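Protein chains in written order, with our numbering: chain Y, 1 to 328; chain A, 1 to 328.
One structure below.
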């Protein structure tokens, strides 16, 4: 039997924790260590047998770790960490600032080409599984429209926005795709709808004692960029209800390609995710592409790669023969 | 601008015709010729400017055609034709006898390795898009179950079977997935259901004049292998209704992976197709993977390949830079 792929995790928030759990589900991987900027003693991971080390120690693990999974944030952590780590390790990350991906790719590719390492960037579900479905379904159905719907899901940015409103003690915001528009798209009607027509927003708010709830509701609904263009509903609930009903991090969505072939036949391809835990699913994608980073590097395919560059067989623990025999 | 990919079609039934229509939708391909075993004068193709030639002429086109798309049947045509053509051309096919794929792969690979050509085998929707979704979603969610549902769609084999019943003049059979089971799967209930529990069958029959319809219905419903294990409904209709309502070839289905991550969070990934025209969609997949066969061969990746060996970016007409910038 081949030896296992030796994996490290950098950063231990929700995503890092999900990644630890995901590695434990993989038959061919072992987690060597978790690296954090925090004091290692303050980082409680799931498996007490795995080392937790300060991030500065990572450089001593170049011959003990095959692939490093970077679980930091896209705003500041990953743009700095991924190029740094790609000098020493094969890497995988879920960098998700869509507009800056070309720049991020270039900076990682330059380092990884020089170091001879392989870095799979921006894998998760969007960017990630949704991206690959957008490209494949458009290649199959070149005449048509692609629709991405997000939700039902908890939106971190919008939840932060409602919590900044005066009188709001706690709150969460869900992005919910419009059932009506999804139905139109599935029927091949190709509706011309903006992002705000495709989604509605629902907020669950715990108000400060004595706060003016009508004023809070009005302020949320008219907030520019975040809510003003959307159909928004605001519910006021108790702190207990918030904790009981809104502590998990569900998310998901749909990528629907509605195309035409031949003499106008409608052809619909749809990919959807319904996730109880957004960070755990993103972690699962990171882990599967860790296998790809390892294999690509073994084959000498160095530099930065995206999900478009990775043949699907590379993410499966099965051999090519098994895939042809049992799955094709 | 790069020159176009020069494509040939071998075999001109529903699939060959769909492939001709699909090539016309591609910005970077041109159809050079259609090859048939029939008398070329009897083969009416869509574009009168494209040559129709006898299949024996193909050997004279090795320097005029980059990729040959084989559109024959899986029972006898493709096992013979694909190895023969792989001696001379890069090829793409939709060979779909699941149980014999390993053997088919081996026979094509041997020839293509020797000739230095690239053959992408068994691409369509199942095998094809469904296969790739089964493998990717299982790699992402290793703890769980995968469910494939076929339909609603016209089944050729079952339609043939009902037409063999005495007293049946004409007839079609649709395979329809069970809404109830789909709902259970989407809810993460992981039901333990056989293929016959997952599907119902509906027949539309034109009876011969004076035939005993009760007897026909009984005979269909109790037919072993085909119907006996299924919930089957039989409708008797007129010949006009059959022609008006049941002449198209719709199909589709679902691949649903229901997995668990972390402390038991349900994660559902679903891929579905709703196709007005089954052969035209299969043709679209063939055409997209024609691009991949061409590019892989240019890079020196010879031999037989399956959908698992082809990075998604290879099937898109966009450059890697465009994909990163506009789709990721």
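Glycine is no exception: its CB is placed at the ideal position from the N, C-alpha and C atoms.
Treat the numbers as computed from the prediction; the structure is a model and nothing was measured.
Pull up the distance between the alpha-carbon of residue i and that of residue j, whole angstroms please.
i, j, result
"residue 19 (chain A)", "residue 32 (chain A)", "13 Å"
"residue 191 (chain Y)", "residue 199 (chain Y)", "14 Å"
"residue 15 (chain A)", "residue 162 (chain Y)", "54 Å"
"residue 112 (chain Y)", "residue 303 (chain Y)", "5 Å"
"residue 229 (chain A)", "residue 186 (chain A)", "24 Å"
"residue 316 (chain A)", "residue 306 (chain Y)", "14 Å"
"residue 213 (chain A)", "residue 97 (chain A)", "35 Å"
"residue 184 (chain A)", "residue 240 (chain A)", "38 Å"
"residue 235 (chain A)", "residue 269 (chain Y)", "30 Å"
"residue 211 (chain A)", "residue 167 (chain A)", "5 Å"
"residue 125 (chain A)", "residue 151 (chain A)", "12 Å"
"residue 223 (chain Y)", "residue 137 (chain Y)", "36 Å"
"residue 301 (chain A)", "residue 309 (chain A)", "10 Å"
"residue 72 (chain Y)", "residue 8 (chain A)", "50 Å"
"residue 295 (chain Y)", "residue 314 (chain Y)", "7 Å"
"residue 159 (chain Y)", "residue 171 (chain Y)", "6 Å"
"residue 164 (chain Y)", "residue 54 (chain Y)", "34 Å"
"residue 117 (chain Y)", "residue 68 (chain Y)", "11 Å"
"residue 271 (chain A)", "residue 133 (chain Y)", "9 Å"
"residue 176 (chain A)", "residue 258 (chain Y)", "22 Å"
"residue 143 (chain A)", "residue 25 (chain Y)", "7 Å"
"residue 45 (chain A)", "residue 52 (chain A)", "8 Å"
"residue 179 (chain A)", "residue 197 (chain A)", "11 Å"
"residue 325 (chain A)", "residue 109 (chain Y)", "15 Å"
"residue 285 (chain A)", "residue 203 (chain Y)", "42 Å"
"residue 232 (chain A)", "residue 101 (chain A)", "31 Å"
"residue 318 (chain Y)", "residue 95 (chain Y)", "27 Å"
"residue 80 (chain A)", "residue 27 (chain Y)", "39 Å"
"residue 244 (chain Y)", "residue 227 (chain A)", "49 Å"
"residue 50 (chain Y)", "residue 84 (chain A)", "56 Å"
"residue 297 (chain Y)", "residue 320 (chain Y)", "18 Å"
Assign residue i to buried or exposed, taking buried as 16 or more other Cβ atoms, counted over all protein chains shown, within 10 Å of its Cβ.
i, result
"residue 267 (chain A)", "buried"
"residue 36 (chain Y)", "buried"
"residue 169 (chain A)", "exposed"
"residue 3 (chain A)", "exposed"
"residue 127 (chain A)", "buried"
"residue 290 (chain A)", "buried"
"residue 60 (chain Y)", "exposed"
"residue 288 (chain Y)", "buried"
"residue 38 (chain A)", "exposed"
"residue 215 (chain A)", "exposed"
"residue 103 (chain Y)", "exposed"
"residue 256 (chain A)", "buried"
"residue 246 (chain A)", "buried"
"residue 248 (chain A)", "exposed"
"residue 48 (chain A)", "exposed"
"residue 13 (chain A)", "exposed"
"residue 265 (chain Y)", "buried"
"residue 157 (chain A)", "exposed"
"residue 106 (chain A)", "exposed"
"residue 218 (chain A)", "exposed"
"residue 139 (chain Y)", "buried"
Below 8 Å on the Cβ atoms is my contact criterion, and I expect residue i with residue j to pass it. Report the Cβ-Cβ distance as a whole number of Å.
i, j, result
"residue 275 (chain A)", "residue 250 (chain A)", "6 Å"
"residue 261 (chain A)", "residue 281 (chain Y)", "7 Å"
"residue 330 (chain Y)", "residue 93 (chain Y)", "There is no way to answer for residue 330 (chain Y), as the model of chain Y reaches only from 1 to 328."
"residue 91 (chain A)", "residue 119 (chain A)", "4 Å"
"residue 64 (chain A)", "residue 17 (chain A)", "Contact doesn't hold; Cβ gap of about 22 Å is too wide."
"residue 327 (chain A)", "residue 135 (chain Y)", "5 Å"
"residue 87 (chain Y)", "residue 115 (chain Y)", "5 Å"
Scan the stretch 16-33 of chain Y for residues whose Cβ lies nearer than 9 Å to a Cβ of chain A and list them as they occur along the chain.
17, 18, 21, 22, 25, 26 and 27
If contact means a Cβ-Cβ distance below 7 Å, which residues of the stretch 255-281 of chain Y contact chain A?
261, 262, 265, 266, 267, 268, 269, 270, 271, 272, 273, 274, 275, 276, 277, 280 and 281
Contact list for the stretch 280-301 of chain Y against chain A, Cβ threshold 7 Å:
280, 281, 284, 285 and 288
Every unbroken beta strand (DSSP E) inside the stretch 89-141 of chain Y [3 residues or more]:
90-93 and 118-120
Contacting positions in the stretch 137-167 of chain A - beta carbon closer than 8 Å to chain Y
138, 139, 140, 141, 142 and 143
Go through the stretch 170-246 of chain Y residue by residue and report every complete run of the alpha helix (DSSP H) that reaches 4 residues or more, in order.
179-186, 195-198, 213-221 and 239-245
List, from N- to C-terminal side, the alpha helix (DSSP H) runs of 4 residues or more that fit wholly inside the stretch 247-319 of chain Y.
278-298
Could you please tell me which residues of the stretch 86-116 of chain Y, in chain order, have their CB closer than 8 Å to any CB of chain A?
98, 101, 102 and 105
What residues from the stretch 58-81 of chain Y come within 9 Å of chain A, judged by C-beta to C-beta, listed N to C?
none
Short of 9 Å Cβ to Cβ, which residues in the stretch 208-232 of chain Y face chain A?
none
Interfacial residues, the stretch 308-325 of chain A to chain Y, with Cβ spacing under 8 Å
308, 309, 310, 311, 312, 313, 315, 316, 317, 318, 320, 321, 323, 324 and 325
What residues in the stretch 122-135 of chain A bring their beta carbon closer than 7 Å to a beta carbon of chain Y?
122, 127, 131, 132, 134 and 135
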